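Read through the structure below, which is laid out as structure tokens, and then see the notes.
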Amino acid sequence: MSAATMTLYHAAASPFVRKVMLVLHETAQLERVHLQSILVAPTKPNLALNADNPAGKLPALRLADGNVLHDSRVICEYLDHLHDGEPLLARQGAARWRSLTLASLADAILDAAVLIRYETFLRPADRQWETWLAAQQDKIERSLTYFEQHALSELRQRFDMAAIGLACALGYLDFRQPEHGWRERHPGLADWYAQVSQRPSMLATPPTN
Ligand SMILES: N[C@@H](CCC(=O)N[C@@H](CS)C(=O)NCC(=O)O)C(=O)O
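Numbering of the sequence shown is given in the numbering used here, commencing with residue 1130 and proceeding in unit increments.
Quick look at the structure:
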């Protein structure tokens, strides 16, 4: 019998959902969560999701008491408080602010990559805006450069919340922009990602349509 007491709105293509799934794997809490698969896009809202998260975005997590948490950062931190192992996000001090900032930068890559996906996949081709698309790609490139130049040694230390976010971002770039070429420009990240990709949590959560 399932011991699941929480329900996660889930889509296997969503890198933000993948962050939550990685936290569940890495902290051995998978059995606590039932997955409710849905399809959602800004132009294809889901009524059940909208009722639970007015922003209409995945992921959202319904708790046993009926309350709903949304935004992957909130959900990941909540789940990080439910296990007894070493926290994936430092609870206090400079380490916490550093980790939160790196996790936020990884999310910024995801935000830009998801917006590029919407612009190229949802918007009619004759209305797409090249300057805007290029600006989003620039955000991704600058952020990857920062990770490569300033955060590699931290990433190598531990697969923590910031590392989980970046792993989801790189996996999503491979999924949606296979021609991106980030490995050539960021060899340190390529090496790091090749290693973390072999983790059971990563192997169990490949992005799929
Ligand atoms: N900041 C949010 C971003 C979530 C997000 O953008 N989710 C996408 C799926 S990858 C979504 O639900 N898009 C539907 C929409 O924007 O209407 C988080 O971290 O959870």
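Idealized CB from N, CA, C, for every residue including glycine.
Owing to the predicted nature of the structure, the values given are computational and were not obtained by experimental measurement.
Taking L1299 as reference, the option from A1319, L1281, A1280, E1283 with the minimal CA-CA separation is A1319. The DSSP-derived three-state label of K1148 is helix. For L1187, the Cβ falls inside the 7 Å cut-off from some heavy atom of ligand 1.
The beta carbon of A1189 sits closer than 6 Å to those of Y1138, D1181, N1182, V1197, H1199, all from its chain and outside the five residues before and after it, given in chain order. Note on geometry: alpha-carbon atoms of Q1221 and S1282 lie some 20 Å from one another. By the neighbour-count criterion, in which 16 or more other beta carbons inside 10 Å mark a residue as buried, L1295 falls on the buried side. If you ignore the 5 residues before and after Q1257, its C-beta comes within less than 8 Å of the C-beta of E1248, T1249, all in its own chain and listed in chain order. Segment contact: the segment 1163-1175 against the segment 1135-1153, three or more CB-CB distances shorter than 8 Å; contact assigned.
Taking N1175 as the centre and dropping the five residues before and after it, the same chain places the C-beta of I1167, V1169 closer than 6 Å to its C-beta, in chain order. Between D1289 and the set V1243, R1314, E1206, the nearest pair of CA atoms involves E1206. Looking at the DSSP output, S1166 sits in a beta bridge with H1139.
Assigned with DSSP and collapsed to three states, H1199 falls in strand. Secondary-structure assignment with DSSP links K1173 through a beta bridge to A1170. Less than 8 Å separates the beta-carbon of D1209 from that of T1156. According to the DSSP secondary-structure assignment, A1189 is paired through a beta bridge with H1199. In terms of side-chain proximity, the C-beta atom of P1171 is found nearer than 7 Å to a non-hydrogen atom of ligand 1.
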